[in-house]
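Sequences listed follow chains A and B, in order. Residue numbers 179 to 289, in my numbering, belong to the letters of the first sequence in order. Residue numbers 17 to 173, in my numbering, belong to the letters of the second sequence in order.
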Amino acid sequence: MKLSSHQVGDVAVLEPKGKIMGGPDATLLHDHLHDLIKENKKNVVIDLAKVDWMNSTGLGILISGLTTLRNNGGELKLANVTEKIESLLTITKLITVFENYDSVEEAVGSF
Amino acid sequence: MPEVQKSKNRIVIPSSQDYLVEVDRFLETRLKEAGMNESDLADVAISVSEAVNNAIFHGNKCDLKKKITVRVKVESGTVEVQVEDQGRGFDLSEIPNPVEGDNLLKQVGRGIFIIKSLMDRLDFSFAPEGGTILKMYKSFQTTRRSSSSEAGLPLAE
Numbered sequence: 179m180k181l182s183s184h185q186v187g188d189v190a191v192l193e194p195k196g197k198i199m200g201g202p203d204a205t206l207l208h209d210h211l212h213d214l215i216k217e218n219k220k221n222v223v224i225d226l227a228k229v230d231w232m233n234s235t236g237l238g239i240l241i242s243g244l245t246t247l248r249n250n251g252g253e254l255k256l257a258n259v260t261e262k263i264e265s266l267l268t269i270t271k272l273i274t275v276f277e278n279y280d281s282v283e284e285a286v287g288s289f
Numbered sequence: 017m018p019e020v021q022k023s024k025n026r027i028v029i030p031s032s033q034d035y036l037v038e039v040d041r042f043l044e045t046r047l048k049e050a051g052m053n054e055s056d057l058a059d060v061a062i063s064v065s066e067a068v069n070n071a072i073f074h075g076n077k078c079d080l081k082k083k084i085t086v087r088v089k090v091e092s093g094t095v096e097v098q099v100e101d102q103g104r105g106f107d108l109s110e111i112p113n114p115v116e117g118d119n120l121l122k123q124v125g126r127g128i129f130i131i132k133s134l135m136d137r138l139d140f141s142f143a144p145e146g147g148t149i150l151k152m153y154k155s156f157q158t159t160r161r162s163s164s165s166e167a168g169l170p171l172a173e
C-alpha cells in the first residue's frame, strides 16, 4: 500500500493505494491518521478509489481513526468506496457507522 | 535455510505480518494462473490474509520460530486453501459476534466472520500435538481459459 495526502481547506484528504492487509503498510495509514489528530486536524476524508481491497485490519484502522477523531470533536468520512469494500462494510454492518460519499468533493463539502 | 519456502502450491512463512505481501503475491499468481476472476480472487485473498493474521497473532503468538504454511489446491473450478499454524488452537464458540452491540466498534474480531461471509465453506481442525488447520473453499467462474484443465474448462484450441 502507498499513501499520499493533501489538505482541502481544513479537511485532510488521505489517498491510500493498493491493498490494506496488515503489517508495515497498514501501520503507515494508522500512524498518519493519528499524526493528523496530534496536529489537531480533526476532519478527515479517506479516498478509497485506489484501494483494491482491505481486510479486517484495514477496517480496524478506519474504526480507530473514526472513534479517535469523534472523541476529539472531529469526523472521518469515506469517499469513492469501491464495490468490494462496500460489500465488506455491509457484511460487517460498518456501513451504518461511516458516512460515505461518491466523490472527495462531496465528502469535503459535507463538513 | 531461507525464511520463506515456496513451491507452486505451497508457501511457508515465519509468524510475522512482514510476510503477508509475499503470501498475497503467491496466491495471486497461483489463482490468476487458474483463471480465477478478479472479484473471486479478491474474496479469497482477503480471507487468506485474515487466516494468516489469525495464525500469526492467535495461533503462533508472533513467535518467529513457528511457521505458517499456506497450501492451495485448484480442482474443477473450486479452490481449496489450507492455512496451518503451530499454535495451541482455540475455542470457536468463544469468538464474539462482531456485528452485535458494542462489538460493532471494536477494532478487532472480524476475521473469521469475514472468511465465513466470503468463502463457500470453512473447516477447522486441531491437531492433538498442537497446530490449527483452517481449510476454506470457494467455487469460481473463470474469466478466460486457464493454461490447463484444472479449472474444469476445456483447453484452448
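Cβ atoms here follow ideal geometry from the backbone N, Cα and C, with glycine treated the same way.
ask   = Between A:Glu-253, A:Gly-238, A:Ala-257, which lies nearest to A:Lys-220 when the distance is taken from Cα to Cα?
value = Here residue 220 of chain A refers to the residue found at position 42 when the first sequence is read from its first residue. Per the Cα distances, A:Glu-253.
message = So A:Thr-270 contacts chain B; which residues on that side make the cut at Cβ distance below 9 Å?
response = Walking along the first sequence from the start, residue 270 of chain A turns up at place 92. Simply Pro-114, Val-115, Leu-120, Arg-126, Phe-129, Ile-130, Ser-133.
query = What residues in its chain sit with their C-beta under 8 Å from that of B:Pro-112, if we drop five residues either side in the sequence?
reply = Sequence index remark: in the second sequence, residue 112 of chain B carries index 96 (1-based). Here the set comprises Asn-119, Gly-125.
request  = Could you name the residues of the same chain whose beta carbon sits closer than 8 Å to that of A:Lys-195, not counting the 5 residues immediately before and after it, in chain order?
outcome  = The count along the first sequence starts at 1 and reaches residue 195 of chain A at position 17. Taken in chain order, the residues that qualify are Met-179, Lys-180, Leu-181, Ser-182, Lys-228, Val-229.
inquiry  = Quick check for students: name the residue ranges of the beta strand (DSSP E) that lie wholly in the stretch 193-227 of chain A, counting only runs of 3 or more.
reply    = Restricting attention to beta strand (DSSP E) runs no shorter than 3 residues, the stretch 193-227 of chain A encloses them at 221-225, ordered along the chain.
task = Have a look at A:Pro-202 and B:Asp-136 and give me their C-alpha separation to the nearest angstrom.
result = Indexing the first sequence from 1 puts residue 202 of chain A at position 24. Indexing the second sequence from 1 puts residue 136 of chain B at position 120. Approximately 30 Å between the Cα atoms of the pair.
message = If the cut-off is 9 Å on Cβ atoms, which residues from the stretch 58-75 of chain B count as contacting chain A, listed in chain order?
response = Residues of the stretch 58-75 of chain B whose Cβ lies closer than 9 Å to any Cβ of chain A, in chain order: Ala-58, Asp-59, Ala-61, Ile-62, Ser-63, Ser-65, Glu-66, Val-68, Asn-69, Ile-72.
query = Is B:Lys-132 helix, strand or coil when you go by DSSP?
reply = As a first step, residue 132 of chain B is located in the second sequence; it is residue number 116 there, counting from the start. The three-state secondary structure of B:Lys-132, taken from DSSP, is helix.
key: Cutoff 6 Å; reference A:Gly-243; Cβ partners in own chain excluding five residues on either side   = In the first sequence, counting from the first residue as 1, residue 243 of chain A sits at position 65. These residues qualify, in order along the chain: Leu-211, Leu-254.
message = Whole angstroms are fine: how far does the CA of B:Glu-54 sit from the CA of A:Gly-279?
response = Counting from one through the first sequence, the residue named residue 279 of chain A turns up at place 101. Counting from one through the second sequence, the residue named residue 54 of chain B turns up at place 38. Here residue 279 of chain A turns out to be Tyr, not Gly, going by the sequence shown. Put simply, the backbone Cα of A:Tyr-279 is about 24 Å away from that of B:Glu-54.
key: Rounded straight-line distance, which links the Cα of B:Pro-144 to that of B:Val-88   = By one-based count along the second sequence, residue 88 of chain B stands at place 72. By one-based count along the second sequence, residue 144 of chain B stands at place 128. Near 24 Å, if we compare the C-alpha coordinates of B:Pro-144 and B:Val-88.
message = Just to check my reading of the structure: B:Gln-98 and B:Ile-149 have Cβ atoms closer than 8 Å, yes? What is that Cβ distance to the nearest angstrom?
response = The residue you call residue 98 of chain B lines up with position 82 of the second sequence. The residue you call residue 149 of chain B lines up with position 133 of the second sequence. So it is a contact: roughly 6 Å between Cβ atoms.
query = DSSP beta-bridge partners for B:Ile-84?
reply = Here residue 84 of chain B is taken as the residue at index 68 of the second sequence, counted from 1. Its beta-bridge partners are B:Ile-29.
request  = For A:Ser-234, count neighbouring C-beta atoms within 10 Å of its own C-beta (all shown protein chains included) and say buried if the count is 16 or more, exposed if not.
outcome  = Locating residue 234 of chain A in the first sequence gives position 56, counting from the first residue. Under this definition A:Ser-234 is a buried residue.
task = In angstroms with no decimal places, state the Cα-to-Cα distance between A:Gly-238 and A:Thr-274.
result = Here residue 238 of chain A refers to the residue found at position 60 when the first sequence is read from its first residue. Here residue 274 of chain A refers to the residue found at position 96 when the first sequence is read from its first residue. The alpha-carbon atoms of A:Gly-238 and A:Thr-274 are separated by roughly 15 Å.
inquiry  = Could you tell me the alpha carbon to alpha carbon distance between A:Leu-256 and A:Ala-190, rounded to whole angstroms?
reply    = Taking the first residue of the first sequence as position 1, residue 256 of chain A is located at position 78. Taking the first residue of the first sequence as position 1, residue 190 of chain A is located at position 12. Roughly 12 Å between the two C-alpha positions.
task = For B:Ser-165, name the three-state secondary structure that DSSP assigns.
result = Your numbering for residue 165 of chain B matches position 149 in the second sequence. Residue confidence for B:Ser-165 is low, a pLDDT of 43 falling below 50, so the modelled location carries little weight; the figure read from the coordinates is stated next. DSSP places B:Ser-165 in helix when its eight states are reduced to three.
task = Quick one: using the 10 Å Cβ neighbour count with 16 as the cut-off for buried, is B:Arg-41 buried or exposed?
result = Within the second sequence, residue 41 of chain B is the residue found at index 25, counting from 1. By the neighbour-count criterion, in which a residue is buried when 16 or more other Cβ atoms sit within 10 angstroms of its Cβ, B:Arg-41 is exposed.
ask   = Just reading off the alpha helix (DSSP H) that B:Glu-49 is part of, what are its end residues?
value = Working through the second sequence from its first residue, we reach residue 49 of chain B at position 33. That run of the alpha helix (DSSP H) goes 36-49.
inquiry  = Distance check for B:Ser-32 and B:Gly-75, CA to CA, integer angstroms please.
reply    = Against the second sequence, residue 75 of chain B aligns to sequence position 59. Against the second sequence, residue 32 of chain B aligns to sequence position 16. Just so you know, the alpha carbons of B:Gly-75 and B:Ser-32 end up roughly 12 Å apart.
inquiry  = Tell me the DSSP secondary structure of A:Thr-274 in three-state form.
reply    = Here residue 274 of chain A refers to the residue found at position 96 of the first sequence. If DSSP states are grouped into helix, strand and coil, A:Thr-274 belongs with the helices.
inquiry  = So, at 6 Å on beta carbons, what are the nonlocal neighbours of B:Phe-129 in its own chain, with the 5 sequence-adjacent residues on each side left out?
reply    = Numbered from its first residue, the second sequence carries residue 129 of chain B at position 113. Closer than 6 Å at Cβ, skipping near neighbours: Pro-114.
task = Compute the beta-carbon to beta-carbon distance between B:Asp-56 and B:Phe-156, rounded to the nearest angstrom, for a pair I have assumed lies under 8 Å.
result = Mapped onto the second sequence, residue 56 of chain B falls at position 40. Mapped onto the second sequence, residue 156 of chain B falls at position 140. About 4 Å separates the beta carbon of B:Asp-56 from that of B:Phe-156, a gap short enough to meet the 8 Å contact definition.
message = Would you say B:Gln-123 lies against chain A (beta-carbon separation less than 8 Å)?
response = The count along the second sequence starts at 1 and reaches residue 123 of chain B at position 107. When Cβ-Cβ separations below 8 Å define contact, B:Gln-123 makes contact with chain A.
message = Just to confirm my understanding: we take B:Val-39, look at its own chain, exclude 5 residues before and 5 after, and list those with CB closer than 7 Å. What are they?
response = The sequence position of residue 39 of chain B within the second sequence is 23, counting from 1. Answer for B:Val-39: Ile-27, Ile-29, Val-64, Val-68, Val-86, listed in chain order.
request  = With hydrogens ignored, establish whether the beta-carbon of A:Leu-272 is closer than 7 Å to any heavy atom of the ligand COA.
outcome  = The model on display carries no ligand, and the ligand COA is accordingly not part of it.
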